[in-house]
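Asker: Starting off with a structure, shown below.
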Amino acid sequence: MSAAPLTEAELEQLKAQFEAKAEEVKVLPKAPSNEVKLQLYGLFKQSKVGNNTTPKPGMLDFKGKAMWEAWTAQKDKEPAKAMDEYIKLVEKLQEEAKAEAAE
Numbered sequence: 001m002s003a004a005p006l007t008e009a010e011l012e013q014l015k016a017q018f019e020a021k022a023e024e025v026k027v028l029p030k031a032p033s034n035e036v037k038l039q040l041y042g043l044f045k046q047s048k049v050g051n052n053t054t055p056k057p058g059m060l061d062f063k064g065k066a067m068w069e070a071w072t073a074q075k076d077k078e079p080a081k082a083m084d085e086y087i088k089l090v091e092k093l094q095e096e097a098k099a100e101a102a103e
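The structure is reproduced here in structure tokens:
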């Protein structure tokens with residue numbers, strides 16, 4: 001993605017592509033690892049909500065804490081950049097799935 005701000009049309013196109021990839025990731029032939037799922041979650045939340053301002057879950061809520069940390073790791077990332085990274089990560093997963101299917 002270029003450093004220049006996106007035009008309204010470019011931002012709308014990015015949002016549409018992001019929404020499409022958010023649906024496509026649900027039907028990957030092989031589920032991504034938990035690490036990748038958390039990365040996707042963090043990028044998704046940063047894209048949709050922005051910085052995480054929720055309280056950190058308790059120490060015994062391992063899943064909630066991991067999700068909170070994944071989102072917080074994306075702190076201060078512009079939503080458009082988070083969307084772009086999310087799209088690229090889903091495309092990488094799709095390419096890996098195609099390569100595995102071709103073997």
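Each residue of the sequence shown is one higher than the one before, starting from 1 at the first, in the UniProt record's numbering. All C-beta atoms, glycine included, are put in the ideal place defined by N, C-alpha and C. All of these numbers come straight from a predicted model, not from anything done at the bench.
Counting C-beta neighbours from all protein chains within 10 Å, is the total for K21 16 or more, i.e. buried, or is it exposed?
Answerer: Counting from 1 along the sequence shown, the entry for residue 21 is found at position 21. By the 10 Å Cβ count, K21 comes out buried.
Asker: Determine the burial state of S47: buried for a count of at least 16 other Cβ atoms within 10 Å of its Cβ, exposed for fewer.
Answerer: Translated into the one-based positions of the sequence shown, residue 47 becomes position 47. Buried: at least 16 other Cβ atoms inside 10 Å.
Asker: Anyone know if the C-beta pair for residue 156 and W71 falls short of 7 Å?
Answerer: Residue 156 is absent from the structure shown; the chain starts at 1 and stops at 103.
Asker: Tell me whether A16 sits in a helix, a strand or coil according to DSSP, three-state version.
Answerer: As a first step, residue 16 must be located in the sequence shown, where it is residue number 16. A16: helix per DSSP, three-state reduction.
Asker: For F62, count neighbouring C-beta atoms within 10 Å of its own C-beta (all shown protein chains included) and say buried if the count is 16 or more, exposed if not.
Answerer: Taking the sequence shown and counting its residues from 1, one reaches residue 62 at position 62. By the 10 Å Cβ count, F62 comes out exposed.
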